[in-house]
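Participant: Under this note's numbering, think of the first position of the sequence shown as 81, with each following residue one higher.
In this text, a Cβ means the ideal position worked out from N, Cα and C, and glycines have one as well.
Please read through the structure below; I'll follow up with questions.
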Amino acid sequence: MRDLTSSWPAVPDWSHVILDRPDISARSLPLGSQHLVSGDLDTFAAKAGLADTGVGAFAETKGERYALRVARDRMLVVNAPADGGWHPDGYAVTDVSALYHVFEIEGPGLDALIGEATAMDPAIGSPSAAILFAGQQAIACHHEGRLRLHVERGFAPYIWQWLESRD
């Protein structure tokens, strides 16, 4: 049987990969836990000590713990205490730490990058942080002035290659 692995680029060593250009800098960001919460988001947010039930696309977040709204009754929470499973208070929690890879991007060319990668106007935003970025599903926010992209781990090499190949 033909070995198709040579047809695909190797997955980068995320602990050492940095893209540093005059317009943007990008790096892989190791985060703590990531959980998808569905159901009664207000109750979960109160129990987890979150300030809100998640921000939308390109909204600003800060600190180690934050939440991103991905649907009317669903949010992605980062570094919040969360036990998996169904909870009698009306919400369910799923650990998705292994699902999402996170990139952090900054620089004077960030607006141009967003304009090239998405069909959204980041100044207008959206109630949902779930977007298409370079043709792939992503969850996007600004975190302390930098763009954070949570992308499905299997598509992380593609997103990185896309970032590297920009002119």
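(1) Should S95 go down as buried or exposed, given a rule of 16 or more other Cβ atoms within 10 Å for buried?
(2) Under 6 Å Cβ to Cβ from Y146, same chain only, skipping five residues before and after it: list those, please.
(3) For A218, tell me which candidate among A162, A125 and A197 has the shortest Cα-Cα distance.
(4) Could you spell out the range, first to last residue, of the alpha helix (DSSP H) harbouring A220?
(5) Could you pull out every residue in the same chain whose Cβ sits closer than 6 Å to the Cβ of Y180, ignoring the five residues on either side in sequence?
(6) Just to confirm my understanding: we take P161, look at its own chain, exclude 5 residues before and 5 after, and list those with CB closer than 7 Å. What are they?
(7) Along the beta strand (DSSP E) that carries F50, what are the first and last residues, could you check?
Facilitator: In short, the structure shows the following:
(1) Your numbering for residue 95 matches position 15 in the sequence shown. The residue in question, S95, is exposed, as its Cβ has fewer than 16 Cβ neighbours within 10 Å.
(2) Taking the sequence shown and counting its residues from 1, the one referred to as residue 146 is at position 66. V158, listed in sequence order.
(3) Reading the sequence shown from its first residue, position 138 is the one you call residue 218. That would be A197, whose Cα lies nearest to the Cα of A218.
(4) Within the sequence shown, numbered from 1, the residue matching residue 220 stands at position 140. Counting along the chain, A220 falls outside any alpha helix (DSSP H), though it belongs to the beta strand (DSSP E) covering Q216 to H223.
(5) Along the sequence shown, one-based indexing puts residue 180 at 100. Excluding sequence neighbours, Y180 sits near Q114 and H230.
(6) Your numbering for residue 161 matches position 81 in the sequence shown. For P161, where only same-chain residues beyond five positions count, the Cβ hits under 7 Å are A128.
(7) In the structure as shown, the chain starts at 81 and stops at 247, and residue 50 therefore has no counterpart that could be examined.
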